[in-house]
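**Q** Those sequence lines, one after another, are chains A and B.
To convert a position in the first sequence, counted from 1, into our numbering, add 181.
To convert a position in the second sequence, counted from 1, into our numbering, add 181.
Note that beta-carbon positions come from the ideal geometry of N, C-alpha and C, so glycine has one too.
There are 2 protein chains.
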Amino acid sequence: MKLSATHQKFVIHFGEMGARWGMNRTVGQIYAVLFLSENPLCADDLVTALGVSRSNVSMGLKELQAWQLVRLQHQANDRRDFFSTPGDLWEIVRTLVDQRKAREIDPTLTILRELQLEDDFESSSEFAQERIQKTTEMIELLTQWYDEMRVVDSKRLEKLLKMGAAAQKVLDFKDKVTGKGGNS
Amino acid sequence: MKLSATHQKFVIHFGEMGARWGMNRTVGQIYAVLFLSENPLCADDLVTALGVSRSNVSMGLKELQAWQLVRLQHQANDRRDFFSTPGDLWEIVRTLVDQRKAREIDPTLTILRELQLEDDFESSSEFAQERIQKTTEMIELLTQWYDEMRVVDSKRLEKLLKMGAAAQKVLDFKDKVTGKGGNS
DNA sequence: CGTATATTTCAGTAATTACTGAAATTACAG
DNA sequence: CTGTAATTTCAGTAATTACTGAAATATACG
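Spelled out as structure tokens, the structure:
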């Protein structure tokens, strides 16, 4: 489990990125090593690949499992735990977005809704009330959109993304026909 | 600048969220106070609202300016700096995504492209090479899509989001007509 | 200029987060 | 059961990040 120069750079970069994504450097690096490995790896493989303590790897793997970003599996006649990442990149993105949504967006939506139900909400300024309400609506719209998109299968999702601009042209056309102005 | 109970909760929540988004608690809280305020506020308003040091507010505001999330402006006969947040929520989301893209996605794309150009790239496993290449392609597709979407004005963007599922139906229809299978 | 007010910088410290090694626990083969 | 290998837990420590107060710098006005 010695890493090539390419591997090294990839791993270091994802370590830095992992730190920005609510994990930490080691977690990001563990993920990067698993991501580039064709075969599932065990904890000691990661210890030698990254040069961190066994316990650190253990905690990192636990966190990656909590994020559902790695899969635990076993091999015949071996009682060690082996880990791998999904092969479908879109599945990975979906998991990442799901998790961040669950950790950041959903709690925010909960708080915003609670605020609006509380007695003293009315005693806030009109301005603040409206901002809170509009923010709630926007987040609801975005999450609804995402909930629709997340069930689209990978091939089709790629098509939809490529359609991006084309979809807007449908609206342009509809506006023209119905006589509604193009710009708000 | 004393905050109501609703304000308090909102501010505390965005402090916690700010910490997850590469800022820190104080930065998130400063932003939350500005976001709910109808009028621009000066640094000392934020000091009293949040009970943190003047220098902390100064640093927080500087970071928010680096993120382009707040706007500095002046008032007549007052040489203090006043700050406010944009009124259009979609503009705020756009700024947030732009910034995170610039800080996370773009550098990642740069690294991935560099890796593929380097001499020893070929000496990585076929598997790793392909993963790196596919990852690059996916990120490119996503950023292209976003680049198209980010210039759509707010009203229209809402329409497009609501279209989400409808857009897929266009593909369903096309597949049916052209005889291509629905699932990949 | 000089003075008053506003803002920034920065060294020191506080608080938080990450990591390690040793001990405890779990899982299983004999 | 007993012994061995694998994993987890956790208290202590290292490293990082956030915050403060004091000093320095900048800005505007007479």
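Which residues in the same chain have their Cβ closer than 8 Å to the Cβ of residue 331(A), if we skip the five residues on either side of it in sequence?
**A** Excluding residues within five positions, the ones whose Cβ falls inside 8 Å are 275, 278, 279.
**Q** Taking only the alpha-carbon atoms, compute the straight-line gap between residue 321(A) and residue 250(B) and give it to the nearest angstrom.
**A** For residue 321(A) and residue 250(B), the distance between alpha carbons rounds to 22 Å.
**Q** Since residue 301(B) meets chain A, which of its residues come closer than 8 Å, beta carbon to beta carbon?
**A** By Cβ distance, chain A contributes 185, 186, 187.
**Q** Which residues in the same chain as residue 284(B) place their Cβ atom closer than 8 Å to its Cβ, once the five residues preceding and following it in sequence are excluded?
**A** Result list for residue 284(B): 203, in chain order.
**Q** Leaving out five residues before and five after residue 365(A) in sequence, what residues of the same chain have Cβ atoms less than 8 Å from its Cβ?
**A** With a pLDDT of 36 at residue 365(A), under the threshold of 50, the modelled position of this residue cannot be trusted, and the question is left open.
**Q** Name the chain B residues whose beta carbon is nearer than 9 Å to that of residue 323(A)?
**A** Neighbours of residue 323(A) on chain B, chain order: 274, 342.
**Q** Please report how far the alpha carbon of residue 231(A) lies from the alpha carbon of residue 210(A), in whole angstroms.
**A** Distance between the alpha carbons of residue 231(A) and residue 210(A): 8 Å.
**Q** Can you tell which of 294(B), 342(B), 215(B) has its C-alpha closest to the C-alpha of residue 254(B)?
**A** It is 215(B) whose Cα lies nearest to the Cα of residue 254(B).
**Q** How would you call residue 348(B), buried or exposed, if buried means at least 16 neighbouring beta carbons within 10 angstroms?
**A** Label assigned to residue 348(B): buried.
**Q** Based on Cα-Cα distance, which residue from 312(A), 290(A), 304(A) lies nearest to residue 270(B)?
**A** The candidate whose alpha carbon is nearest that of residue 270(B) is 312(A).
**Q** Ignore the nearest five residues each way along the sequence and tell me which others in residue 246(B)'s own chain have a CB closer than 7 Å to its CB.
**A** Same-chain partners within the cutoff: 253.
**Q** Name the one or two DSSP bridge partners that residue 259(A) has.
**A** Its beta-bridge partners are 256(A).
**Q** DSSP on residue 218(A), reduced to helix/strand/coil?
**A** Reduced to three states, the DSSP call for residue 218(A) is coil.
**Q** I believe residue 207(B) touches residue 233(B) by the beta-carbon criterion, under 8 Å. Please report the beta-carbon distance rounded to the nearest angstrom.
**A** Correct: roughly 6 Å between the Cβ atoms.
**Q** Ends of the alpha helix (DSSP H) at residue 193(A)?
**A** Start and end: 186-201.
**Q** Counting only the same chain and skipping the five closest in sequence on each side, list residues whose C-beta sits under 6 Å from that of residue 224(A).
**A** The answer, listed in chain order, is 238.
**Q** Measuring alpha carbon to alpha carbon, tell me which of 325(B), 317(B), 193(B) ends up nearest residue 296(B).
**A** Out of 325(B), 317(B), 193(B), 317(B) has the C-alpha closest to the C-alpha of residue 296(B).
**Q** From the DSSP output, in three-state form, read off residue 265(A) for me.
**A** Strand.
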